[in-house]
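Visitor: Handing you this structure, nothing more for now.
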Amino acid sequence: MVNNSVSIMGILNVTPDSFSDGGQFNSLDKAILQTDLMLAQGADIIDVGGESTCPNAIPVSLQEELDRVIPVISALRTRFDIRISVDTRHAEVMTEAVKAGASMINDVNALQNEHTLHIAAQLNIPVCLMHMQGTPSTMQQNPVYENVTADIIEFLKQRVEACIKAGIARENIIIDPGFGFGKTYEHNLILLRELKQFKTLQQPLLVGLSRKTWIGVATQQGPQERLAGSLAAAILAVQQGANILRVHDVGATRDALRILFAVNEKQHD
Ligand code: YH5
């Protein structure tokens, strides 16, 4: 945790078709090496995902997702003392991941599937509720909002209420506007400009900005050249109250946060 207030969640993709790391870390050994590196660089959470949610991703079966994710979580659990989050939309993966050692659920569907909602309530661990308009395959076709920030705050407010009604403790609920998920370039800019409005929900706020398409549009850079843009976006988010940053580049993000906290004259780690 940087300065006791912002946590860094390192992304561990275990998808062979993963666009952002070129599928570099799809074997168990590479997953362990990558985790070791992210831990050394200051990650507080490792987010393990086996299903790509980008629009042209090849769909994976439930069994395939389990086969990718569960051995990695087990291997990380035996080797490292770190919180492991599972990035999944499926109840079976949530259950098996927690058995294998995960202690956080990251659901890009915000537990809208009734089964996942009840499973998450039983598991009694932190959950991240992310907003997405549409489904991964269609979400970027024509996203429309009346007021993007207000609409997403209202959606998340309703999801927080549904979770509490299902028995999830309020302290275990993290919210996320879902940058890039059914949002135009302009929508992403407005969301980051107005991010502090999400603090009215009074829940921890997670943001995933790292290397996303809109950053590439703004900087005119490809996926591997979006680090500087991602760091700038991360700092803008933290200045508005973001509590968890989901990132590919843990060390660089930690250094950027150190500058922010040094300037703000807060303690550093
Ligand atoms: C998120 O925001 N995002 S997976 C496209 C890219 C680069 C990165 C084209 N899972 C989030 O990281 N979970 C993902 O360049 C997430 N919040 C939460 N909670 C997409 C991703 C990416 C997509």
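Remember, my numbering sits 21 above the position in the sequence shown when you count from 1.
Ideal placement from N, C-alpha and C gives every residue a C-beta, glycine not left out.
With Asp-270 as the anchor, note down where its beta strand (DSSP E) starts and where it stops.
Guide: No beta strand (DSSP E) holds Asp-270; DSSP gives it neither H nor E.
Visitor: Give the DSSP-derived three-state secondary structure of Asp-197 in the structure shown.
Guide: Strand at Asp-197.
Visitor: Taking the alpha helix (DSSP H) that Leu-230 belongs to, which residues open and close that run?
Guide: First-last for Leu-230: undefined, no H or E at that position.
Visitor: In terms of DSSP beta bridges, what is Ser-28 paired with?
Guide: In the DSSP output, where bridge partners are listed per residue, Ser-28 has Ile-265.
Visitor: Name the residue from Ala-263, Thr-205, Leu-257 whose alpha carbon lies nearest to the alpha carbon of Pro-164.
Guide: Checked all of Ala-263, Thr-205, Leu-257; the closest Cα to Pro-164 is Thr-205.
Visitor: Going by beta carbon distance, what residues of the same chain come within less than 7 Å of Gln-261, once the five residues before and after it are set aside?
Guide: Contacts found: Leu-216, Lys-217.
Visitor: On the DSSP bridge assignment, give the partners of Gly-70 in chain order.
Guide: In DSSP, Gly-70 forms a bridge with Asn-34, Asp-108.
Visitor: Within the segment 107-164, note down every full alpha helix (DSSP H) run reaching 4 residues or more, in order along the chain.
Guide: Entirely contained in the segment 107-164, the alpha helix (DSSP H) runs reaching 4 residues are, in chain order, 112-121, 135-144.
Visitor: Judging by CA-CA distance, which residue of Leu-252, Gln-223, Pro-225 is the nearest neighbour of Lys-233?
Guide: That would be Leu-252, whose Cα lies nearest to the Cα of Lys-233.
Visitor: With a threshold of 8 Å (Cβ to nearest heavy atom), would Lys-204 be considered close to the ligand YH5?
Guide: Lys-204: no, Cβ never under 8 Å from the ligand YH5.
Visitor: In the DSSP assignment, the alpha helix (DSSP H) including Cys-184 goes from what residue to what residue?
Guide: Where Cys-184 is concerned, the enclosing alpha helix (DSSP H) stretches over 169-186.
Visitor: For the alpha helix (DSSP H) holding Tyr-206, just list the boundary residues, first then last.
Guide: Start and end: 206-214.
Visitor: Roughly how far, in whole angstroms, is the beta-carbon of Ile-195 from the beta-carbon of Val-169, given that I think they are within contact range, below 8 Å?
Guide: Rounded, the Cβ-Cβ distance is 20 Å, inconsistent with contact.
Visitor: Hey, out of Val-268, Asn-264, Ala-263, whose CA is closest to Gly-250's CA?
Guide: Considering only alpha carbons, the answer is Val-268.
Visitor: Tell me whether Lys-233, by its Cβ, gets closer than 8 Å to a heavy atom of the ligand YH5.
Guide: Yes - the ligand YH5 has a heavy atom lying nearer than 8 Å to the Cβ of Lys-233.
Visitor: My output table needs one value for His-289: the three-state DSSP class, helix, strand or coil.
Guide: Model confidence at His-289 stands at a pLDDT of 47, short of 50, so the residue's coordinates are unreliable; what they give is reported in the following sentence. Coil at His-289, not helix or strand.
Visitor: Could you tell me the distance, in whole angstroms, from the CA atom of Glu-207 to the CA atom of Asp-65?
Guide: Approximately 31 Å between the Cα atoms of the pair.
Visitor: Check for me: the alpha helix (DSSP H) holding Ser-95 runs from which residue to which?
Guide: Ser-95 -> alpha helix (DSSP H) spans 83-100.
Visitor: Taking 8 Å as the line, does the beta carbon of Pro-80 fall inside it for any heavy atom of the ligand YH5?
Guide: Flag unset: Cβ of Pro-80 not near the ligand YH5.
Visitor: What residue from Ile-79, Ala-123, Tyr-166 has the CA that sits closest to Arg-98's CA?
Guide: For the residues Ile-79, Ala-123, Tyr-166, the minimum Cα distance to Arg-98 belongs to Ala-123.
Visitor: Please tell me whether Leu-87 has its Cβ less than 9 Å away from any Cβ of chain B.
Guide: Protein chains in the displayed structure number just one, and chain B is not present.
Visitor: Buried or exposed, going by whether 16 or more other CB atoms sit within 10 Å of the CB of Thr-56?
Guide: Per the 10 Å Cβ criterion, buried.
Visitor: Where does the unbroken alpha helix (DSSP H) through Thr-240 begin, and where does it stop?
Guide: Here the alpha helix (DSSP H) through Thr-240 covers 234-240.
Visitor: If I'm right that Ala-96 touches Ile-53 with Cβ under 8 Å, what's the distance once you round it to whole angstroms?
Guide: Going by Cβ atoms, the distance from Ala-96 to Ile-53 rounds to 6 Å, so yes, they are a contact pair.
Visitor: Please list the terminal residues of the continuous alpha helix (DSSP H) segment that includes Lys-217.
Guide: Run containing Lys-217: none; DSSP gives neither H nor E here.
Visitor: Compare the Cα-Cα distances from Ile-265 to each of His-136, Glu-286, Leu-248, Pro-198 and report the closest residue.
Guide: That would be Pro-198, whose Cα lies nearest to the Cα of Ile-265.
Visitor: Going by the C-beta, is Gly-229 closer than 8 Å to any heavy atom of the ligand YH5?
Guide: Checking every heavy atom of the ligand YH5 against the Cβ of Gly-229, one is found closer than 8 Å.
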